[in-house]
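In full-length UniProt numbering, the protein residues as written are 1 to 480. Written below as structure tokens is the structure these notes are about.
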Amino acid sequence: MAAAQPRLPAGAAMVWRLARGCWSAFWDYETPKLIVVRNWRLGFVHRMVQLLILLYFVWYVFIVQKSYQDSETGPESSIITKVKGITISEHKVWDVEEYVKPPEGGSVVSIITRMEVTPSQTPGICPESMRVHSSTCHSDDDCVAGQLDMQGNGIRTGRCVPYYHGDYKTCEVSAWCPVEDGTSDNQFLGKMAPNFTILIKNNIHYPKFKFSKGNIASQKNDYLKHCTFDQDSDPYCPIFRLGFIVEQAGENFTELAHKGGVIGVIINWDCDLDLSESECNPKYSFRRLDPKSESASSGYNFRFAKYYKINTTTTTRTLIKAYGIRIDVIVHGQAGKFSLIPTIINLATALTSIGVGSFLCDWILLTFMNKNKLYSHKKFDKVRTPSHTSSSWPVTLALILGQVPPPPSHYSQDPSGGGSTFGEGAELPLAVQPPGPCSISALTEQVVDTLDQHLGQRLPVPEPSQQDSTSTDPKGLAQL
């Protein structure tokens, strides 16, 4: 007696059945089935969803976003700035060579509006500034010789000396003396600064479309000498008043001139190259870039020095802590031109997205409708191809094509070799000949028609089930 086959554990058997089911389902073929559901509410939802999707693609995707165009962002850009104007302080007249840094003019330019000046500094030893941490002292023991404070002004000598004013003492340092201590001469240059003019020359280039343009349109030599910028009347005169820039950024000029700040001049080149070149114009906007609300990081200042010699022997300098308005010119842009490839891609996406309405309505039917089981029964059919084979070549071909062959019990071979019979005493009305020079499509149609005739003549007709009877019920799908 043969040994009994070992049985798999229950868990392993369940995993095996699950794996077999997944593997079998992987090879299933699914095809849509069209069912007409006569329900005006569901039809209204379906058409509204399709209409919303269509409006989204027509209005937003194609009109607003212009997705039918090939686009390029970030144009190649050059910027040249030039500041003109004079101003006065309490002691002197200032011209552009003194209050503009850097003088060559680029995408960033600083205009000095207030100065704290420490004059006549020479190399030597002097008290450290009280604004330096741990610089105050009571005796020489509080000062370490050779100590260097990176936030200070020099190297400590080890002595504790009286401060410049008052009864305080600080550690002595070897530095440029006297050190900057906040009591320096203060000069305000902002009285006439709102009338300073800034020329901003900008040229852009889109290499993908080989398109170039600048923000100065007129070719007259004296054009820039008599114009100032106006968005409506003179948009191609890029000469801006400093007061106009600060005002457009929403800032108070006097406050900004005392503490300093950073203003961004943003030039935007959005060009539709399907239109004429005159439709591609620069758009200017202005805003403050440094955080005004945070006092620790608000404002703008920097230091520089002017050196000279006295009696050709002693090197002397004037240290200047400058507060000013820094102008950052930033260029953005995007150019677009019609292209067939993005047009086809977005059209295909739009047509595919319209099917979302059908998916939504199917979900409503299967989930919320009263007769959702009836709809599910009508929508999903499972057809299993018979696993047996036949020696007759038309049956084999029908199986390959996915047709249902007649049951093998109905086939019998004619002893005389004259053909096959269907059932008992019935001749098989097959008008199919062995493979010849005919076309495959004609052969396929012939085999399908013949097999349909066999199934219609000989296969028993099943009794209508209770579920099928509901399909003939006048209150069937028509009421969904």
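Ideal Cβ placement from N, Cα and C applies to all residues, glycine included.
So what does residue i bridge to, in DSSP terms?
i: S134; result: Paired residues: none, contrary to the question.
i: P207; result: DSSP output for P207 lists no bridge partner at all.
i: P162; result: K169
i: M115; result: Q187, A322
i: C361; result: C361 is not bridged to any residue.
i: N268; result: K283, H332
i: C126; result: V173
i: T81; result: I200
i: W94; result: T87
i: A305; result: L319
i: T314; result: I310
i: K379; result: Answer by DSSP bridge pairing: none, since K379 is not bridged.
i: S353; result: BP columns for S353 are empty, so no partner.
i: Q76; result: The sequence as given places Glu at residue 76; Gln does not occur at that position. In the DSSP output, where bridge partners are listed per residue, E76 has H205.
i: F240; result: I198
i: D230; result: D234
i: S212; result: H205
i: G261; result: I325
i: L148; result: I155
i: S71; result: G336
If the criterion is Cβ atoms closer than 9 Å, does the pair residue i and residue j meet it?
i: K169; j: C137; result: yes
i: V179; j: C143; result: no
i: L374; j: V49; result: no
i: S110; j: I79; result: no
i: I200; j: V265; result: yes
i: R114; j: F188; result: yes
i: R317; j: W176; result: yes
i: G333; j: N268; result: yes
i: Y300; j: V262; result: yes
i: L242; j: N195; result: yes
i: K378; j: D362; result: no
i: G324; j: F253; result: no
i: S293; j: H46; result: no
i: S184; j: E247; result: no
i: K82; j: I198; result: yes
i: L256; j: Q121; result: no
i: L18; j: I354; result: no
Figure out for me which residue from the options has the closest Cα to the Cα of residue i.
i: V356; options: Q334, I330, L51, P162; result: L51
i: E172; options: I198, S129, Y206; result: S129
i: F57; options: P238, I345, F359, L256; result: I345
i: N39; options: R317, K371, K379; result: K371
i: A217; options: D141, I155, E277; result: E277
i: F286; options: N221, R156, I245; result: I245
i: I327; options: L351, T343, F240; result: F240
i: T87; options: L55, V161, A193; result: A193
i: E72; options: S353, W23, L273, E279; result: L273
i: L289; options: G250, T315, K306, Y307; result: G250
i: S134; options: P123, N153, Q121; result: N153
i: V64; options: D270, I320, P207, Y308; result: D270
i: P342; options: R156, V61, F211; result: V61
i: T313; options: P123, I35, D70, Y99; result: P123
i: I112; options: A19, L351, S376, K321; result: K321
i: P103; options: V117, K84, S89; result: K84
i: A350; options: S24, P32, W59; result: W59
i: S77; options: P162, D230, Q151, P207; result: P207
i: P162; options: Q151, S139, Y284; result: S139
i: D232; options: K283, G105, R7, K33; result: K283
i: Q151; options: R131, G260, F211, K210; result: R131
i: S295; options: L34, S353, K259, N311; result: K259
i: K210; options: A348, A335, V100; result: A335
i: E98; options: D230, L340, F229, A305; result: A305
i: K213; options: E279, V96, P9; result: E279
i: E90; options: T31, V96, N186, T352; result: N186
For residue i and residue j, which I take to be in contact (beta-carbon distance under 8 Å), what is that distance rounded to the nearest angstrom?
i: N215; j: Y236; result: 6 Å
i: V331; j: P119; result: Contact flag wrong, Cβ pair sits at about 41 Å.
i: Y164; j: D141; result: 22 Å between Cβ atoms; not a contact.
i: L365; j: L42; result: 7 Å
i: Q69; j: F338; result: 6 Å
i: I155; j: G146; result: 6 Å
i: D381; j: K33; result: 7 Å
Using a Cβ-based criterion (distance less than 8 Å to any ligand heavy atom), does residue i qualify as near the ligand NAP?
i: G152; result: The ligand NAP is not part of this structure, which contains no ligands at all.
Uninterrupted alpha helix (DSSP H) stretches inside the stretch 25-67 (no shorter than 4 residues):
Listed in chain order, the alpha helix (DSSP H) elements of length 4 or more contained wholly in the stretch 25-67 are 40-55.
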